[in-house]
Every structure is written in C-alpha cells, then in structure tokens.
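**Q** So that we are looking at the same thing, I have put the structure below in structure tokens.
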DNA sequence: CCTGTCACG
DNA sequence: GACGTACGTGACAGGG
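Residue numbers (the working numbering): 1 to 931.
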C-alpha cells in the first residue's frame, strides 16, 4: 500500500522511550542470570501500551520506532563540543540498547537508525515525506527539538501526558510558530545538548526579539537597533556563535533514506516471535497478558536451575542438504530478501575463490531465515576444473548476474532493522565492503561462542556444529580436494555448492539461536556487546587500510642476510670438519654432542638432539661453533620469516600489507595477527629492529605509535591491591628499581643495573604465575637462589600471594577466571592431576591480568573511530599494548593527543583503576623511528 | 602433518 | 619423592 492521503504515520522517538523506561523503573535484573533488564522491561510495556491504544479512526496506518545511532553525528563536524557535556550512558544500560531494537522487531514494528544522523533527523525527513504525500504524521515524543516540524498535518504527541501538541502548543512553548522555532533555539541555546546560543538570552527574550524583527537573519542584520546595550552587544559580538547554533538546531529533513514510507506499514505481531522474545526476557506479567490477548498459551519460562543444558534444539527441522534452494533469478532472490525483512534477521554466508579477503571474488551468497531452510545464490561459478581446456573464465549457466544480485541484496544488508548473522562476520563484511556494501548490524556466532566458552574449545564452525548441533557439516575438502590438485570454490559445480554453502548458513542460524539464548545465562552479554561485536567493523577497517611496506628495503636486507649466511655456513663446515645441514637441529646436535662430545645435550621426545637457543648460548662462550649456529639461525629467521615472506604479502593493488586479526585468537582476550603476523616483527636486537624500517608512511604522512606503559604491572597492582606498587605508579617512579629496593633492601640511589634487572624479572614472573624454576632459568641463577628471591618478594608484598591463592581457588571452584570487565577465561584443566594442573594454575594467574589489559585496549580501539573522526589519521595496527596510526604531517600533535586521551581513559567508566594508565608516544617516517 | 625453533607482547 | 614448569601467540623449516 503506497503512502498518501488518508494515511497516518506514527514516528516513535525510541531513545526517549528507553531513557524514560530506564529512569522510571528500579534497576531490575533478570531472575535467571542477573542481566540488567529494567529499561527493556519498561520499553516493552510502553510499546505494548502503545499498540493497545492504537484503535479507532485515528489509528496509524504506518509506524516506525526511530533510534539514535550510537557515536557521533554530522553535527559534531560542525561543532566538536556538540553534546560534549553529556555523561556516557550508564553502564548497566549499555547492553540493553541492542535489546530494545530486538524488542521493537519482536513487536513487528519497523526499527530504524542511520549512522551519522540523530533520530530527530530521520523523524524530520519522514515527517516531511508524509506531509508532502498528503498524509498525516504524529511524532510520539515530547522533545522540544522536534517542535520545528509541527504543522501541515504533522503533530506531536506527548505519550506521558497523553497530550497532543499542534501549532498552538508550539506557540505556547516557544512564543513563536514552528517555522521560527529554530530561530528561537539559535538564540536561547540548549545546555543539555551544549548548544551555545546567545549568552544571557533565554526562550522568552528570544521569542520577543524574533517576533519584533520577523526572523533571525533580520534580527542579526539590524542588531544595531536594539535598545538594551548589553543585549545589542551580545548579538553583534556572538553572531557566529548564534548562526552556528541555528545550524545545530536545524533538523535535516532531506536525508537520503534506503527505505520508504511504504515499508513502514503497520503489521500485526507474530505470536511466536513476540512471545519468544518476552519469554526469553522473562517478563512474566507482560508475557501472560500478550498471550491472553493473542488467545494462545503463554510459553513457560525456564526456571534458573534449568538454565544450563545442551541447548534447545527442540522442534528444529532436520539438517537436510537436499532441502536447500538454488536461487537463479531476481524474483526468487526478492522473495528471500522479503522474508529477511519480515523476520528482522537473516543468516548470511559468502563463498569466494580465496581465503584472502583483499583479493577474494564472490562465487555465491547464502541466506537462511528459518532453520532447515536456506538458499544459495551462485554469482561467479566458472567452468574449468573438469573441462579445463577453454572453460577457464566462462561462467556456468543458470546464475544471476553478480551486479544484479548485489543490487537487490545491498539495501537489506545495510538496513539497520535487519540483523545479519554470520560465522566470522569480519570475513564476509570485508568481502561485501569491497563490492561497496557496508553490512550492519551484525551478529557473529564465532564471537558469541568466544564470549561464552573461551578456554573450553575452539570456535570454528565445524567444531561448534559437532558440539552444539551434533551434526558434522560437509567438509569443504570433499568439494575442493586437497594439496596441489585442489580447486577454488568458484570452480565447484553449482549443484554441489548449493548443498555445502546453504548448509553453512543453516548451521549458523541454528547456532545463533542456541547461543543468543545462552548468552544471558552465561552473564557475558556485556562482554559480547561491548568488547566483541563492536570491534568487528574496527578491525575490518584497519585490515583493509593496511600499512605501506617498502619492497626495496626488504629485498636489499634479504640479499645482505644471504651473503652473511653463506659466510657463516662456510665457517661452520670448517669448524665441523665436514658439510651438514645447518638448519637441522638434529645434525647440529649430533656434531655438538657426539662429534665434539660436549656436555649438556638433551634429546626431544622423538629421540632427536635438541638444540634450543638457551643451550647454545651457554656453549657459545667457549665454542665458536655454537655461537655461529646462533648467528646463522637469527639471520635465517629474519630472512625467511620477515624480509622474504613479507614481500609476498604486499598487495599488488594497494602496495600495502593487510594483516588479518583473529579476534578469537587467544583465550585471554588478546587477538592474534596472521597472514602475515605483524605482532611479532623483531625489535629486541638491533639487526632485527631494522626490519621495521621497511614499514613506512606515505608521502606527506607520518607513523605514530602509542603504547601503554607497564600496563600489566599496573593492573596487577590494582587487582592484587598492592599499595606500594600503586603509590609507585602514581608517583611515576621506576617500578623495577622500586621493587628491587623493597625486595633486596638497596636504597634507590645505590641501585645497580644488575639488581634492577633481577627485580624486573621477578615482576614479570609474577604476572606469569611465578615458579622458582622459571625464574632461575630466566636469570640463569641456581634454583634455590631464585626461590629465595620469590620468598622475599612475597614477604614484602603479601597481597600478591593472596591474589594468587584466591585466583587459584576461584578457578578450582568455578572452572574459569575473570577480567575486570567480566570476560571469562575457562580453565578446565585446573582440577587435573600432575603437570597439566600446574600449567592451568599459572595460566589462571596470568589470564585476568593479560585479559584485563586486552579488554582495555579493545575498548580504546572501539572508541577510536569516533574520537579521531575529522582528523586526517587512520589506525593501522595493534600489537597487544600498542596502536600504530598513519597521520598527515600537519596534524601529528592533534592525532597523538586524541589517541592518547582515548587510550588513557579506556578503562572508564566501567572500571576506575587505582593506578593511572600512561601512554607513551613516538613518531617517524617508519616503524623503527616511531616505536 | 607434527615438531622444534624463535619472533613478538 | 620425582617430575617438569614461567603467560599468550604465528611462521617457518625439517623430516617422516
């Protein structure tokens, strides 16, 4: 039904609903798991009451709930202090925001938000569209900023007072008609939104002036005529500020929206969806009321004791690869897209011809909106493989055009009201991004699993499917083969691809249903919503941007290394008296421990000689052979892993290297970097550090590097509550020297490098779950001596021992440990017997510290895009406690300031650390200089 | 494909 | 009483 005369559009100010609900209700939590749920409960009650009230001739024909998009809007570009004095949303409200979107969809009401715009702008645009189409519009809000829209069929409704606001109502509030409201606001300003206005002028005076002069422009032009001297002066001097205020107050009523009024038609809620959501939230009263009204039985709400369990694979359709559909034309695809809109969510999976997202081309896309049902849309399957002679680039028949399919999918994939569900969303999002599609919002089964089960198992789809669905997906190898004869996915016959690919979407959707439900009972909703989900687009952007690497620098170094290695090789043959493979530990060991008959050789479990660096280092003092092997190995490592391999990773099109971050890479919350790993570029030796000279900035730009100083020790001081450490950090002392002074009783002014070095080793040892053996090996001192150090350390800082003991007890009892931000790291082996338990114990000591640091830098990364918007800088890399940016030369100071502010404040407001977080910064034309 | 080695925080 | 141990990663080469 098209929108026109006789139609009535309701626009609900979603944010106003949320905040009113939040403040109106006590901090309710869900009974089964303690998830804060008060605002969602109030929101649902308000929506329900609203829907109930929609009867009679005045009922809307179209409706939407409009939300503010989190982050900054275009107004911040006009004025960076816009809304700057707003405190951040309360911590227990943040995880409820996405749930209010879910609630809206559950009521089958359109749910809209647009990045870079405020809800008010969307409302303005839609209200104008409705008015221009000859229909009516009611804005359900009491926000005075929206009053400029009233008139010509547009009214407001204050839902609290149940009072309609028409042109007269606006006049009552502002003293002028809606068309002059912006002028009054420009003068009066707004302390809530931090709009400056004209100092000393409020709404009353502003209305007086506007009514006298007609409009703001005339007023400002003729300001000289004002009698009151103070007022006249203000208007003349603050003209710029007033004009800025007007632009800030003016709503954008000509936004380009990717949906139209027709899409907002009122729909009846679907009983299953709505009751399912209310049941999941455990809103017992509302659930019963809604069920009664719909004339169905209210589903039972699981009692807390029954929350655990394999999962609710109740009446899921069986997984049947033959049930999947192959979509070959536009009308079939449109039908799937329509279903996605109707549901409000869709599982999506892409198939490509490469695992490298920067070069991969789409072979096909699958969608699933209902378990047991899925489709595959082939768009790039080529002949070849079997009939390879001339088939190389020729497409298999029966496929939609790539561009046609994407044109149909793009609006849905970008629509804020349709949740796109992926397994490893970052991969698919990057693929779509390269085809000009910005997928949002997303959910990710891999990240859901990681948030709930880190330390318990891996989070790949096959493992998850086996574990939670008791189903083994078709192995990709059966389609692609292995080794040299393997083909790429685009060469797979479409009929085979349908079964494999669509099954993946089906499995993803099934996993999502199970995980979404369990997330709350595992009490990691906040972790998922604040530390995992928002990081996906941030990482995707960093990866796609990449960092420039200079091939010539690497290639020159490679040649130099090769020459040196050849020299060392000859020398080693000479020393050994014969030729051998220097790269074989077994052969090196045989020469050292058999031919030269040296002591101290150990064998590996496979019976080969073992020749690790620390053993060779002991021998190197007296034996050139060992020293040369070490030299050779270092060069070999640098050459093969860095100077040679890195060149292969330079992207042909961009000239840059694009790593890929594995968000679930480490159980502690750290990430891993791969293809290539840019988190282990050498820095400790001079020769290795030079590799960083190949990582360069573009012409006219500079690399800046900001790293947290001693972040893990600071976190230890906070968590274990070590007052002496805390004070030392507050006073900016040399923390290792201070430790040395305390433990070894040496006054600070008599400190020697050696004593400080030992204290430093102990400090790090504590973070790793110290043992006498480990410390002894690290410091190369007898084990008894190392144990003495540790004992003295514990005597001086008894809090450390308490922390270690209580952490161990917690892990033994619960099977996991936690970071300050609620991330859980499971330690299933903590109750094992033997050395495995020792490993688990030390990991349990380390995980809260390493994990809290990881959480903090994640928070910084998530906030970074909004904080540096407007500055000519890009975030390129993360190395656990360091962020690297590329910035235009004339903005270096601003860039460092902005990034440092975000990093140093990243723990807050969730956690207030007892120690300051300090960030050091460096800059340069290459990474070696910047670090 | 697994193991040993070594690069990083 | 002996044993084996610092925490977290990824890439490469050798060898079966």
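No residue lacks a Cβ here, since even glycine has one placed at the ideal position from N, Cα and C.
Would you kindly check if the distance between the Cβ of residue 588 and the Cβ of residue 615 is under 7 Å?
**A** no
**Q** Within 10 angstroms of its Cβ, does residue 713 collect 16 or more other Cβ (buried), or is it exposed?
**A** buried
**Q** Note down the Cα distance separating residue 247 from residue 164, rounded to an integer number of angstroms.
**A** 27 Å
**Q** In the structure shown, what three-state DSSP assignment does residue 522 receive?
**A** coil
**Q** Do you know whose CA, among 10, 42 and 679, lies nearest residue 665's CA?
**A** Out of 10, 42 and 679, 679 has the C-alpha closest to the C-alpha of residue 665.
**Q** Could you have a look at residue 482 and say whether DSSP puts it in helix, strand or coil?
**A** coil
**Q** Starting from residue 816 and walking both ways along the beta strand (DSSP E), at which residues does that stretch end?
**A** Its beta strand (DSSP E) spans residues 816–818.
**Q** Determine the direct distance from the alpha carbon of residue 705 to that of residue 921, and round the result to whole angstroms.
**A** 6 Å
**Q** How far does the alpha helix (DSSP H) with residue 429 in it extend, from its first residue to its last?
**A** From DSSP, the alpha helix (DSSP H) with residue 429 extends over 425–434.
**Q** Taking only runs of the alpha helix (DSSP H) that begin and end inside the region 154–217, which ones reach a length of at least 4 residues, in chain order?
**A** 167–174, 181–188 and 203–213
**Q** Consult DSSP for residue 924 and reduce its assignment to one of helix, strand or coil.
**A** strand
**Q** Return yes when at least one heavy atom of the ligand ATP lies under 6 Å from the C-beta of residue 577, else no.
**A** With respect to the ligand ATP, the structure offers nothing, as it holds no ligand at all.
**Q** So, for residue 958: in the same chain, excluding its five sequence neighbours on each side, which residues have a beta-carbon less than 8 Å away from its beta-carbon?
**A** Residue 958 is absent from the structure shown; the chain starts at 1 and stops at 931.
**Q** For the alpha helix (DSSP H) holding residue 78, just list the boundary residues, first then last.
**A** 74–78
**Q** Excluding sequence positions up to five away, which residues of its chain have a Cβ less than 7 Å from the Cβ of residue 799?
**A** Answer for residue 799: 720, 721 and 722, listed in chain order.
**Q** So, residue 8 versus residue 88, is the Cβ gap smaller than 7 Å?
**A** no
**Q** Rounding to the nearest angstrom, what Cα-Cα distance links residue 478 and residue 496 in this structure?
**A** 10 Å
**Q** Considering only residues of the same chain and omitting the five flanking positions on each side of residue 778, which have a CB-CB separation below 6 Å?
**A** If we look at residue 778 and ignore the five residues flanking it on each side, its Cβ neighbours are 761.
**Q** The alpha helix (DSSP H) spanning residue 351 covers which residue range?
**A** Careful: residue 351 lies outside any alpha helix (DSSP H), inside the beta strand (DSSP E) at 345–352.
**Q** Does residue 295 come out as helix, strand or coil in the three-state DSSP assignment?
**A** coil
**Q** Could you tell me the alpha carbon to alpha carbon distance between residue 150 and residue 140, rounded to whole angstroms?
**A** 12 Å
**Q** Which of helix, strand or coil does DSSP assign to residue 821?
**A** coil
**Q** Select from 183, 669, 324 and 503 the residue whose C-alpha is nearest the C-alpha of residue 212.
**A** 183
**Q** Just to confirm the assignment: which complete alpha helix (DSSP H) runs, minimum length 4, are found wholly within the region 743–768?
**A** Taking only runs of at least 4 residues, the alpha helix (DSSP H) segments lying wholly in the region 743–768 are 753–767.
**Q** Please classify residue 927 as buried or exposed, where buried requires at least 16 neighbouring CB atoms within 10 angstroms.
**A** By the C-beta density criterion, residue 927 is buried, having at least 16 other C-beta atoms within 10 angstroms.
**Q** Within 10 angstroms of the Cβ of residue 81, are there 16 or more other Cβ atoms? Answer buried if so, exposed if not.
**A** Answer is exposed; the Cβ neighbour count stays below 16.
**Q** Does DSSP put residue 421 in a helix, a strand or coil?
**A** strand
**Q** With contact counted as at least three CB pairs below 8 Å, one residue from each stretch, are the region 282–297 and the region 121–138 in contact?
**A** In the pairwise beta carbon analysis, the region 282–297 is classified as not touching the region 121–138: fewer than three pairs are separated by under 8 Å.
**Q** List in chain order: all unbroken beta strand (DSSP E) runs of 3+ residues lying wholly within the region 111–141.
**A** 136–140
**Q** Identify which residue in 426, 409, 439 and 405 has its Cα closest to the Cα of residue 420.
**A** 439
**Q** Classify residue 656 as helix, strand or coil using the three-state DSSP reduction.
**A** strand
**Q** Looking only at its own chain, which residues have a Cβ that is under 8 Å from the Cβ of residue 472, when we skip the five neighbours before and after it?
**A** Cβ neighbours of residue 472 beyond the five flanking positions: 462, 465 and 466.
**Q** Starting from residue 273, trace the alpha helix (DSSP H) both ways and give me its first and last residue.
**A** Unbroken alpha helix (DSSP H) run through residue 273: 271–281.
**Q** Taking DSSP as the reference, what is the three-state secondary structure of residue 371?
**A** Taken through DSSP and simplified to helix, strand or coil, residue 371 comes out as coil.
**Q** Over what stretch of residues does the alpha helix (DSSP H) that includes residue 573 continue unbroken?
**A** 551–576
**Q** According to DSSP, is residue 82 part of a helix, a strand, or is it coil?
**A** coil
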